[in-house]
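Residue numbers for the sequence shown follow the numbering used here, beginning at 183 and rising by one. This report refers to the structure that appears directly beneath it.
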Amino acid sequence: MLRGSRKQQAVIAILALLGIAWGVVTILRHGRIDPEKKAAAMHQRSGAVMAELIAQAVGGSGRILLITPDMTGMGLADKQRWMSSLLEAFQRSLAPGLVVAERETAVLRPARSTGRMAAGATFTLETYLELLKRHPGVQGVVSFAGEPIGNADAAPLEETPHPPLVCFCFLGDQVPALMKKGVVTAAIVPRNTPTPFRQVRGDWFDIMYQVVTPKNIDAWVKP
C-alpha cells in the first residue's frame, strides 16, 4: 500500500514538473515578463485589497489603528521598498469614511525555516491586547506586520474587547487559530494551492497570495 502511494506521489511530482516546464516554455514563446512591473503591480494590489478588507470589516467608516512593520537597520532594502509601496496603495485606496487615527510599529525578523518575514517577539498577542487598551476608540485594526503571535487559547482575549483585525501575513501560520477565536476577521496569506498555468503571465497577487476569512480558512489549511 505504501509502495503504491509513493508511486502515485512520484507521478504527481513528474506531472507538476512537466507543467511548470510547459509554463516556462509558453512564457519564452510569447515574450519576456518585466518582473519589476509585475512586482510593483502586486504590491499595489495588495495594499488596495487590504483597504477593501478593512472597509468590509467595519462597514465602510470609522477610526482605525494601523500597525506597520519596523524593518530599519535590517539590511532589507528591497523589502522596505515594497512595504512602502503596500502602505502607499493602502492609504490611497482607503474608503473616505475610514481614518487612520492611531499608528504603531512592530519589529520583524526573518523566519529561520524559510527566510520569509514573520512577526517578531514585539508583536505578541499580549502586546496586541495592550495596544487595544492604549487605543480604545478604534473601530478596526489593520496590521501589515502579520498576525499577532502567541497561544490564542492562553491569551486573555475575553478581558479586552477587540475590534475587527485585518492582517497582511508573511506566513499566516497562526491565522486559523486566531480566526476561530474571533481575533482576525480577514487576512492576506501566502497561496498554498497550485496556481493555474494560465496565470503565470497574469496578476502576481493571485499567484502569490489569497484572501482568507472564517468561511474559507479550513480550505486554506487543508488544500
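By construction, the Cβ of each residue, glycine as well, lies at the ideal position given by its N, Cα and C atoms.
Relative to the alpha-carbon of residue i, which residue among the options has its alpha-carbon at the smallest distance?
{"i": "Gly341", "options": "Phe387, Pro318 and Ala277", "result": "The question names Gly, but residue 341 is Glu in the sequence shown. Selected option, being the one with the closest Cα: Pro318."}
{"i": "Glu284", "options": "Ala369, Val324, Lys362 and Ala277", "result": "Val324"}
{"i": "Lys404", "options": "Pro358, Leu247 and Ile370", "result": "Pro358"}
{"i": "Pro345", "options": "Val371, Thr367 and Phe387", "result": "Thr367"}
Please classify residue i as buried or exposed, where buried requires at least 16 other C-beta atoms within 10 Å of its C-beta.
{"i": "Ser243", "result": "exposed"}
{"i": "Glu312", "result": "exposed"}
{"i": "Ala369", "result": "buried"}
{"i": "Gln356", "result": "buried"}
{"i": "Glu286", "result": "buried"}
{"i": "Ala401", "result": "exposed"}
{"i": "Ser266", "result": "exposed"}
{"i": "Glu329", "result": "buried"}
Could you have a look at residue i and say whether DSSP puts it in helix, strand or coil?
{"i": "Thr125", "result": "The structure shown does not extend to residue 125, since the chain is modelled only from 183 through 405, so no value can be given for it."}
{"i": "Val394", "result": "strand"}
{"i": "Thr309", "result": "helix"}
{"i": "Arg274", "result": "helix"}
{"i": "Asp388", "result": "helix"}
{"i": "Gly229", "result": "helix"}
Among all the DSSP beta bridges, which residues are the ones paired with residue i?
{"i": "Glu284", "result": "Leu247"}
{"i": "Ile370", "result": "Phe350 and Val393"}
{"i": "Val365", "result": "DSSP output for Val365 lists no bridge partner at all."}
{"i": "Asp252", "result": "Val289"}
Taking 6 Å as the cut-off, is the C-beta of residue i nearer than that to any heavy atom in the ligand NAD?
{"i": "Gln321", "result": "The model depicted lacks the ligand NAD and carries no ligand whatsoever."}
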